[in-house]
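Residue numbers (the numbering used here): 98 to 272.
The structure under discussion appears below in the form of structure tokens.
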């Protein structure tokens, strides 16, 4: 069977979520089981190399990627959510966006014991959200061993905002 080219399943939507933005939509990958299996196979290779104990996914599309990968690899999954969505005690971090600020939270007891953590999401763009999640993982007691994304928009420089010593892997890179 020929190798699946993931780019063919990534849809371009102009002027979303605002004029001038070309949105790269990964949801068509989800409709095609062979394409999604190829995503899981490639991310599984990343897991084999980094040997995480847990997968952490960023709300909301990171939940799709993260739970699929965690299930495929027989690992646990931990969500990083927007404020007020997790019950019980949480650690939180405020971070700057291009046009304001936001906040992410994680359960305070989610990363006890210093587990090796792979951070996943669908897209790496400017890197603000991923960098905040990486910092939150450390704050909660996790040992971030890498980050993996389905899509990376290289020209936006998000990779530079992530911890320098930690591997960053993206399956499809747009320059």
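Every residue, glycine too, gets a C-beta built ideally from N, C-alpha and C.
Since the model is a prediction, treat every value here as computed from it, not as a measurement.
First through last residue of the beta strand (DSSP E) which encompasses residue i
{"i": "residue 211", "result": "Per DSSP, residue 211 belongs to no beta strand (DSSP E) and is neither H nor E."}
{"i": "residue 122", "result": "119 to 122"}
Cβ-Cβ distance between residue i and residue j below 8 Å
{"i": "residue 202", "j": "residue 189", "result": "yes"}
Identity of the residue in the options nearest residue i by Cα
{"i": "residue 227", "options": "100, 269, 251 and 256", "result": "256"}
{"i": "residue 223", "options": "169, 196 and 212", "result": "196"}
{"i": "residue 145", "options": "170, 111 and 265", "result": "170"}
{"i": "residue 134", "options": "165, 193 and 200", "result": "165"}
{"i": "residue 112", "options": "198, 122, 243 and 180", "result": "122"}
{"i": "residue 153", "options": "124, 141 and 167", "result": "167"}
Reduced DSSP secondary structure (H/G/I, E/B, other) of residue i
{"i": "residue 246", "result": "strand"}
{"i": "residue 189", "result": "strand"}
{"i": "residue 98", "result": "Residue confidence for residue 98 is low, a pLDDT of 44 falling below 50, so the modelled location carries little weight; the figure read from the coordinates is stated next. Coil, per DSSP."}
{"i": "residue 116", "result": "coil"}
{"i": "residue 258", "result": "helix"}
{"i": "residue 111", "result": "strand"}
{"i": "residue 232", "result": "helix"}
Beta-carbon separation (whole angstroms), residue i vs residue j, contact threshold 8 Å
{"i": "residue 241", "j": "residue 221", "result": "Actually they are not in contact, since the Cβ atoms of residue 241 and residue 221 sit about 15 Å apart, beyond 8 Å."}
{"i": "residue 231", "j": "residue 268", "result": "About 19 Å; that fails the 8 Å criterion."}
Element boundaries [alpha helix (DSSP H), containing residue i]
{"i": "residue 199", "result": "Unbroken run through residue 199 is the beta strand (DSSP E), 197 to 204; no alpha helix (DSSP H)."}
{"i": "residue 130", "result": "130 to 147"}
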